[in-house]
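Numbering (the working numbering), first residue to last: 1159 to 1387.
Accompanying notes for the structure given below.
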């Protein structure tokens, strides 16, 4: 069967994305930042050759589907279902393994992810690894890839904590799976992470961050002029 690279995304809607960034910079900034990150992630993923490109979208409604039909016309679309992240991952993977193997799953939180890491993951799965994990610096992971479905990898995981990657490794060991670990990379979760983006990746996201920095500098200069006036 053909390999598949799937990207899990939410529709960029105000108040529902990048909530930690929104708490400091506002919902409008967080929404536009996420839109840029999604666009950069899809562009990066589409550059990977020899795979079918799939977008797993949330919420699973017609509005979200229409948005991604326009935003990612070259991607096959699969709705996410489930109350928890683990359930949504399992649902997405289970659906994809009907037609593809191996399957790689990434999110939109690492828009500057080097394509070399995805290529390395594919090579590992084709060379005998049962599962590939790309650990993130915050204790989660930016990539997971499998040759066949193993739901137990995503059970009893403390999602959105720094224990996610380690617990996933433990589930893989308990299942007797051969796990290949990629180098660590960073997520885009909070304001401090905005300064960690690396060129040449994530050009739209980095450009938007630059506008935020420039705006902040201009605001500070204007405030200084008024205070010193």
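Beta carbons are placed, not taken as given, at the ideal position from N, Cα and C, and that holds for glycine.
In this text the structure is predicted, and so the values were computed from the model without any measurement.
Short of 6 Å from the beta carbon of residue 1216, and not among the five residues preceding or following it, lie these beta carbons of its own chain, in chain order: 1168 and 1238.
The beta carbons of residue 1357 and residue 1262 sit no closer together than 8 Å. Between residue 1175 and residue 1194, the alpha-carbon positions lie close to 12 Å from each other. By the Cβ test, the region 1197–1216 is in contact with the region 1234–1250, since at least three Cβ pairs between them sit closer than 8 Å.
Taking a C-beta distance under 8 Å as the contact criterion, residue 1299 and residue 1273 do not qualify as a contact pair. Here residue 1304 really is in contact with residue 1288; their C-beta atoms are around 7 Å apart, less than 8 Å. Collapsing the DSSP output to three states places residue 1264 in a strand. According to the DSSP assignment, residue 1286 belongs to no beta strand (DSSP E), since it is labelled neither H nor E.
Bounds of the alpha helix (DSSP H) holding residue 1202 are 1185–1204.
Looking at the DSSP output, residue 1237 bridges to 1215. Nearest to residue 1190 by C-alpha distance, out of 1306, 1363, 1182 and 1255, is 1363.
Bridge partners of residue 1279 according to DSSP: none are assigned. Contact between residue 1269 and residue 1198 holds: CB atoms are separated by about 4 Å, below the 8 Å threshold. Residues of the same chain with a CB within less than 8 Å of the CB of residue 1260, apart from the 5 flanking positions on each side, are 1161, 1162, 1280, 1283, 1284, 1303, 1304 and 1305 in chain order. Take the alpha-carbon of residue 1171 and the one of residue 1192: they are about 9 Å apart.
Here residue 1322 has 1297, 1298, 1299, 1315 and 1316 as same chain residues with Cβ atoms under 8 Å from its own Cβ, once five neighbours each way along the sequence are excluded. Residue 1264 sits away from residue 1201, with the two beta carbons spaced by 8 Å or more. When DSSP states are grouped into helix, strand and coil, residue 1166 belongs to the strand group. Rounded to the nearest angstrom, the gap between the Cα atoms of residue 1354 and residue 1319 is 20 Å. According to DSSP, residue 1337 shares a beta bridge with 1289.
When beta bridges are read from the DSSP output, residue 1294 appears opposite 1343. For the options 1220, 1352 and 1276, the alpha carbon positioned closest to that of residue 1207 is the one of 1276. By alpha-carbon distance to residue 1256, the top candidate from 1349, 1219, 1335 and 1307 is 1307.
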